[in-house]
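Colleague: There's a structure below that I have some questions on.
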Amino acid sequence: MEIKILQLLDGARKAEGLTVIIDVFRAFSVACYAFDQGVSKIYPVGQIDLAYGLKEKHPDYILVGERHEQKPEGFDYGNSPSQIRRDRLDGKVMVHTTSSGTQGIVNATKADELITGSFVNAGAIIRYIRQQQPKKLSLVCMGYACQHPTDEDTFLAEYIKACLEGESVDFEEMVETLRTGAGARFFAPEKQAWAPQADFDLCLDLDRFDFVLQVKREADLFYLQKAVV
C-alpha cells in the first residue's frame, strides 16, 4: 500500500485512491457526534450560501458549522461537539459547512473513495482501510482554515500510517503537545463561547465510535453515511 500524507487544499486536489479527509478540530469530530445524537444524514457543503439555500428549501434541516471558528448567523449549532451533544437529533438532516474539513471533501476530485478522519473514530478508520486494502492511500490534513497545517491533523495522519505499518504511537504525548500548542485556544477564557474546553477532550476521545463516515454523492451534493466497522 502506497501511503501519502498530504496537506491543505492542494493536498486534497492531489489525493488519489482511498482518501481520508482529516479535520480533528473540529469538523469530522462534530460529524461523528452528530450521528451519535441521531442525525440521519449530513450534507457537507463548501459554500455557506448553499447551506442557507438548503435550509430555505428544507426548513426542517439543521445548519451546523463555522466561519472564523464562530457560528454563522441563523445556524442552529456551531462547529462544536459539546453543542451538538446538548440535544437529541433523531432523524434530523444536517447541513455542515466549515472553513477546513468540508472544503477538502469538495476539492478531492481525483480520489477513488472518500472517508472522513478524526481521532474519535481512528480505530474504525484503520480497520476499514485494512478491509479495503487500497493500492493507494491518501491522508489529507486540512489544517486551520485550509491556510496552514496543524499538529492535530498531521498527528492523526501519522497515527493512522504508523498503525497500518505496525509501528507504535504515543497518543498521550500527542495530546499533551496539542494541549499547549494547537489546542491551547480551547483553554482561553475569552473563547469559551465558541471554542469551549470540553471540545478539546471530546475531539481527542480516541476510538469513541466504531464507525467510519463514507462520502457519497447525491445529484450535485455530497453526503456522509455512517458505516459500522
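So the sequence shown is numbered by this note's numbering: it starts at 1 and just counts up by one. Cβ atoms here follow ideal geometry from the backbone N, Cα and C, with glycine treated the same way.
Going by C-alpha to C-alpha distance, which of 103, 70, 137 sits closest to residue 161?
Modeller: Locating residue 161 in the sequence shown gives position 161, counting from the first residue. Minimum Cα distance to residue 161 is reached at 137.
Colleague: Using 8 Å as the threshold, is the C-beta distance between residue 61 and residue 106 below it?
Modeller: The residue given as residue 61 occupies position 61 in the sequence shown. The residue given as residue 106 occupies position 106 in the sequence shown. It is not a contact, given that the beta carbons lie outside the stated cut-off.
Colleague: By Cβ distance, which residues of its chain are closer than 6 Å to residue 35, with the 5 residues on each side in sequence left out?
Modeller: In the sequence shown, residue 35 corresponds to position 35, counting from 1. These residues qualify, in order along the chain: 226.
Colleague: Bridge partners of residue 47, per DSSP?
Modeller: Working through the sequence shown from its first residue, we reach residue 47 at position 47. Paired residues: none, contrary to the question.
Colleague: How about the segment 62 to 76 and the segment 7 to 23: do they share at least three Cβ pairs that are nearer than 8 Å?
Modeller: Not touching, per the Cβ criterion.
Colleague: Going by the CB atoms, is the gap between residue 182 and residue 102 shorter than 8 Å?
Modeller: Here residue 102 refers to the residue found at position 102 of the sequence shown. Here residue 182 refers to the residue found at position 182 of the sequence shown. Going by C-beta atoms, residue 102 is not nearer than 8 Å to residue 182.
Colleague: Is it buried or exposed for residue 219, if we count other Cβ within 10 angstroms and need 16 for buried?
Modeller: Translated into the one-based positions of the sequence shown, residue 219 becomes position 219. Result: exposed.
Colleague: Between the alpha carbons of residue 50 and residue 57, how many angstroms are there, rounded?
Modeller: Here residue 50 is taken as the residue at index 50 of the sequence shown, counted from 1. Here residue 57 is taken as the residue at index 57 of the sequence shown, counted from 1. Their backbone Cα atoms lie some 11 Å apart in a straight line.
Colleague: Per DSSP, residue 94 is paired with what?
Modeller: By 1-based counting over the sequence shown, the position of residue 94 is 94. In the DSSP output, where bridge partners are listed per residue, residue 94 has 42, 62.
Colleague: In three-state terms, what does DSSP make of residue 224?
Modeller: Here residue 224 refers to the residue found at position 224 of the sequence shown. Strand at residue 224.
Colleague: Determine the closest residue to residue 17 out of 121, 1, 100, with distance taken between C-alpha atoms.
Modeller: Taking the first residue of the sequence shown as 1, we reach residue 17 at position 17. Nearest option by C-alpha distance: 1.
Colleague: Can you give me the C-alpha to C-alpha distance between residue 165 and residue 55, rounded to a whole angstrom?
Modeller: Taking the first residue of the sequence shown as 1, we reach residue 165 at position 165. Taking the first residue of the sequence shown as 1, we reach residue 55 at position 55. For residue 165 and residue 55, the distance between alpha carbons rounds to 44 Å.
Colleague: By a C-beta neighbour count over all protein chains shown, 10 Å radius and 16 as the cutoff for buried, is residue 7 buried or exposed?
Modeller: Along the sequence shown, one-based indexing puts residue 7 at 7. Under this definition residue 7 is a buried residue.
Colleague: Just the C-alpha distance for residue 216 and residue 68, rounded to the nearest angstrom, thanks.
Modeller: Reading the sequence shown from its first residue, position 216 is the one you call residue 216. Reading the sequence shown from its first residue, position 68 is the one you call residue 68. Their Cα atoms are separated by approximately 27 Å.
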